[in-house]
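Going by the UniProt record's numbering, the letters in the sequence shown line up with residues 1 to 100, in that order.
Here is the structure we will look at, set down as structure tokens.
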Amino acid sequence: MDATEQPAETIDGGDLSCARLLVLLRARVTELPAGSIVHLSTTDPVAPIDLPAWCRITGHDYLGVAEPGQPPVYAVRVGASPVETRPDRPWHPIDPTISG
Numbered sequence: 001m002d003a004t005e006q007p008a009e010t011i012d013g014g015d016l017s018c019a020r021l022l023v024l025l026r027a028r029v030t031e032l033p034a035g036s037i038v039h040l041s042t043t044d045p046v047a048p049i050d051l052p053a054w055c056r057i058t059g060h061d062y063l064g065v066a067e068p069g070q071p072p073v074y075a076v077r078v079g080a081s082p083v084e085t086r087p088d089r090p091w092h093p094i095d096p097t098i099s100g
């Protein structure tokens with residue numbers, strides 16, 4: 001699979017900040033089966049840095065730019081065993097050993 005594969009979900013991130021983009025992306029990928037491709041368009045200049053980092057943290061695969069242009073479209077493949085993260089802070093893994 002590559003970044004240009006047909007997506008199961010397309011997210012228009014518009015000019016949302018990367019934190020809000022990740023909240024939106026996390027909500028969508030939790031509803032999709034493993035292997036699904038998600039395309040995310042955004043004007044956020046930090047997205048090419050934050051998306052691969054978020055994928056490494058959460059167990060998803062960053063596939064790169066699916067469509068160059070303005071805004072660019074990035075591709076993510078839903079991981080088979082993703083790390084559970086906080087809904088409001090999707091860059092914070094949930095530690096099952098900590099209650100509350």
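Note that beta-carbon positions come from the ideal geometry of N, C-alpha and C, so glycine has one too.
- P33 is the residue among A80, L22, P33 and R20 whose C-alpha sits nearest the C-alpha of P7.
- In the DSSP assignment, L63 falls within the beta strand (DSSP E) that extends over D61 to E67.
- CA-CA distance, G79 to P48, rounds to 19 angstroms.
- In the DSSP assignment, R77 falls within the unbroken beta strand (DSSP E) covering V73 to R77.
- Taking C-alpha positions only, P72 is separated from D61 by approximately 18 angstroms.
- In the DSSP assignment, no residue is bridged to E84.
- Scanning its chain for C-beta atoms nearer than 7 angstroms, with the 5 sequence neighbours on each side dropped, one finds around G59 the residues G79, S81, P82 and V83, in chain order.
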